[in-house]
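In what follows, a structure is listed as C-alpha cells, so that the remarks can point back to it.
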Amino acid sequence: MEALIRHTGTVAPLERGGVDTDQIIPARFCRRLGRTGYEDTLFFRWRRDPDFTVTSERHAGASVLVSGPDFGIGSSREHAVWALRDFGFRVVVAPSFGDIFRANATKNGVLTAEVPEESAARLRRAAAARPELPVLVDLERRTITADGLTVGFGIDDYSRWQLMNGFDDLRATLSRAEKIDAYEATRPGWLPTTIGS
Numbered sequence: 366m367e368a369l370i371r372h373t374g375t376v377a378p379l380e381r382g383g384v385d386t387d388q389i390i391p392a393r394f395c396r397r398l399g400r401t402g403y404e405d406t407l408f409f410r411w412r413r414d415p416d417f418t419v420t421s422e423r424h425a426g427a428s429v430l431v432s433g434p435d436f437g438i439g440s441s442r443e444h445a446v447w448a449l450r451d452f453g454f455r456v457v458v459a460p461s462f463g464d465i466f467r468a469n470a471t472k473n474g475v476l477t478a479e480v481p482e483e484s485a486a487r488l489r490r491a492a493a494a495r496p497e498l499p500v501l502v503d504l505e506r507r508t509i510t511a512d513g514l515t516v517g518f519g520i521d522d523y524s525r526w527q528l529m530n531g532f533d534d535l536r537a538t539l540s541r542a543e544k545i546d547a548y549e550a551t552r553p554g555w556l557p558t559t560i561g562s
C-alpha cells in the first residue's frame with residue numbers, strides 16, 4: 366500500500382448525500398475474483414446520466430471525491446473502496462461516513478476526510494466552477510486547502526498512522542513483530558504460542 370502524507374489533485378463533486386455501497390458499486394459486480402479492475406463499475410447506474418459530474422470529461426483525472434453526508438453507508442462491501450481506488454480516487458471528503466466503509470478505505474489506502482457540511486459544499490461549488498482547481502490534502506496537518514479555503518478534517522489517530530506509513534492491517538501487525546516475539550518469549554511453555562510449531 367502506498368503511503369499518503371500529502372496529496373494534491375483535482376476534485377470531482379458529488380452533490381448527493383446518503384450514498385450507500387450498492388450505489389458506489391452494484392452487488393452483481395462483487396462476484397469477481399481479485400481486488401483490481403473495478404473502475405468501470407464505479408457509480409454504474411448513475412454514470413449513464415450525462416449530467417453526472419463524477420465520471421464526466423470535465424472532471425477526468427480527479428483524485429479527490431467530495432460528497433454530501435453519509436457516504437459509504439449500507440452493506441459491508443470492500444469492493445466499493447476498490448472501485449473508488451481503481452477509478453483514481455485517493456481521498457474522499459464528506460461530512461460523515463459509514464463506519465465499515467471508513468475502515469475498509471483505510472485498509473486500502475484511501476483517506477476518508479470528515480469535514481463540516483458547509484466546507485464540503487464550498488469545495489463542491491469551487492470544483493463545479495473550476496474543474497482544474499488544485500486541492501492539497503495534508504494528512505500530517507489534517508487540513509485541506511483549496512480556493513482560499515483551509516479546513517481541518519477529522520480522522521482517528523490509528524487510521525492516520527496506517528495511511529501515513531502505507532500499512533494495511535497485516536503490515537501494521539508485522540511492524541510490531543519484535544514486540545510480539547519478545548512477549549511470546551516470556552510466556553510459559555505450556556501456554557499456546559505463535560512461535561515455532
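Residue 451 in the working numbering sits at position 86 of the sequence shown; the count goes up by one each step and never skips.
Glycine included, every Cβ here is placed at the ideal spot set by N, Cα and C.
* **Beta-carbon contacts of proline 496 that lie in its chain and below 6 angstroms, excluding the five residues immediately before and after** => The residue you call residue 496 lines up with position 131 of the sequence shown. Around proline 496: Arg423 and His424.
* In the segment 463-521, which residue ranges form an unbroken alpha helix (DSSP H) of at least 4 residues, counting only runs that do not cross its ends? -> 464-472 and 482-494
* **Whether glycine 463 touches glycine 437 by CB criterion (8 angstroms)** => Here residue 463 is taken as the residue at index 98 of the sequence shown, counted from 1. Here residue 437 is taken as the residue at index 72 of the sequence shown, counted from 1. Yes, the Cβ-Cβ distance between glycine 463 and glycine 437 is below 8 angstroms.
* Could you give the DSSP three-state label for isoleucine 438: helix, strand or coil? => Working through the sequence shown from its first residue, we reach residue 438 at position 73. It is a strand residue.
* Asked: Apart from the five residues just before and just after arginine 552, which ones in its own chain have a Cβ nearer than 8 angstroms to its Cβ?
  -> On the sequence shown, residue 552 is found 187 positions in, with the first residue counted as 1. Thr558, listed in sequence order.
* To do: Output the distance between the C-alpha atoms of proline 460 and proline 434, rounded to the nearest integer angstrom.
  => Locating residue 460 in the sequence shown gives position 95, counting from the first residue. Locating residue 434 in the sequence shown gives position 69, counting from the first residue. If I take the Cα positions, the gap works out to 5 angstroms.
* What do you get for tyrosine 403, buried or exposed, if any count of 16 or more other CB atoms within 10 angstroms of its CB means buried? -> The residue given as residue 403 occupies position 38 in the sequence shown. By the neighbour-count rule (16 or more Cβ atoms within 10 Å), tyrosine 403 is buried.
* To do: Please report the Cβ distance between leucine 528 and leucine 476, rounded to the nearest whole angstrom; I am assuming they are in contact, meaning their Cβ atoms lie under 8 angstroms.
  => Residue 528 sits at position 163 when you count from the first residue of the sequence shown. Residue 476 sits at position 111 when you count from the first residue of the sequence shown. Between leucine 476 and leucine 528 the Cβ distance is about 6 angstroms, and since that is below 8 angstroms, they are a contact.
* Asked: Where do the ends of the alpha helix (DSSP H) carrying leucine 449 lie?
  -> By one-based count along the sequence shown, residue 449 stands at place 84. Leucine 449 -> alpha helix (DSSP H) spans 443-452.
* To do: Answer yes or no: do leucine 498 and valine 419 have a C-beta to C-beta separation smaller than 8 angstroms?
  => In the sequence shown, counting from the first residue as 1, residue 498 sits at position 133. In the sequence shown, counting from the first residue as 1, residue 419 sits at position 54. Taking 8 angstroms as the Cβ cut-off, leucine 498 and valine 419 do not qualify as a contacting pair.
* Asked: If you drop the 5 nearest sequence neighbours on each side, which residues of the same chain put their C-beta closer than 7 angstroms to that of arginine 487?
  -> Stepping through the sequence shown from its first residue, residue 487 is reached at position 122. So the qualifying residues of the chain are Leu514.
* Kindly list the residues whose CB is nearer than 8 angstroms to the CB of phenylalanine 417, restricted to its own chain and excluding five residues on each side of it in sequence; keep chain order. => In the sequence shown, the residue the question calls residue 417 occupies position 52. Shown here for phenylalanine 417: same chain residues with a beta carbon closer than 8 angstroms to its own, the five before and five after excluded, namely Phe408 and Trp411 in chain order.
* Asked: Do you know how far the Cα of arginine 371 is from the Cα of tryptophan 447?
  -> What you label residue 447 is simply residue 82 of the sequence shown in a count that begins at 1. What you label residue 371 is simply residue 6 of the sequence shown in a count that begins at 1. Taking the straight line from one Cα to the other gives about 21 angstroms.
* Can you give the Cα-Cα distance for aspartate 512 and leucine 398, rounded to whole angstroms? -> On the sequence shown, residue 512 is found 147 positions in, with the first residue counted as 1. On the sequence shown, residue 398 is found 33 positions in, with the first residue counted as 1. Roughly 41 angstroms separates the two Cα atoms.
* **Sequence-distant residues of the same chain with beta carbon closer than 6 angstroms to proline 378, five excluded per side** => By 1-based counting over the sequence shown, the position of residue 378 is 13. Within the same chain, proline 378 has close Cβ partners Thr418, Val431, Arg489, Ala492 and Ala493.
* Asked: Which two residues bound the contiguous alpha helix (DSSP H) that contains leucine 535?
  -> What you label residue 535 is simply residue 170 of the sequence shown in a count that begins at 1. Where leucine 535 is concerned, the enclosing alpha helix (DSSP H) stretches over 534-539.
* Can you tell me the Cβ-Cβ gap for serine 524 and threonine 471, rounded? I've got them flagged as a contact below 8 angstroms. => Sequence index remark: in the sequence shown, residue 524 carries index 159 (1-based). Sequence index remark: in the sequence shown, residue 471 carries index 106 (1-based). Their Cβ separation, rounded to whole angstroms, is 4 angstroms, which keeps serine 524 and threonine 471 in contact under 8 angstroms.
* Could you give the DSSP three-state label for arginine 397: helix, strand or coil? => As a first step, residue 397 is located in the sequence shown; it is residue number 32 there, counting from the start. Reduced to three states, the DSSP call for arginine 397 is coil.
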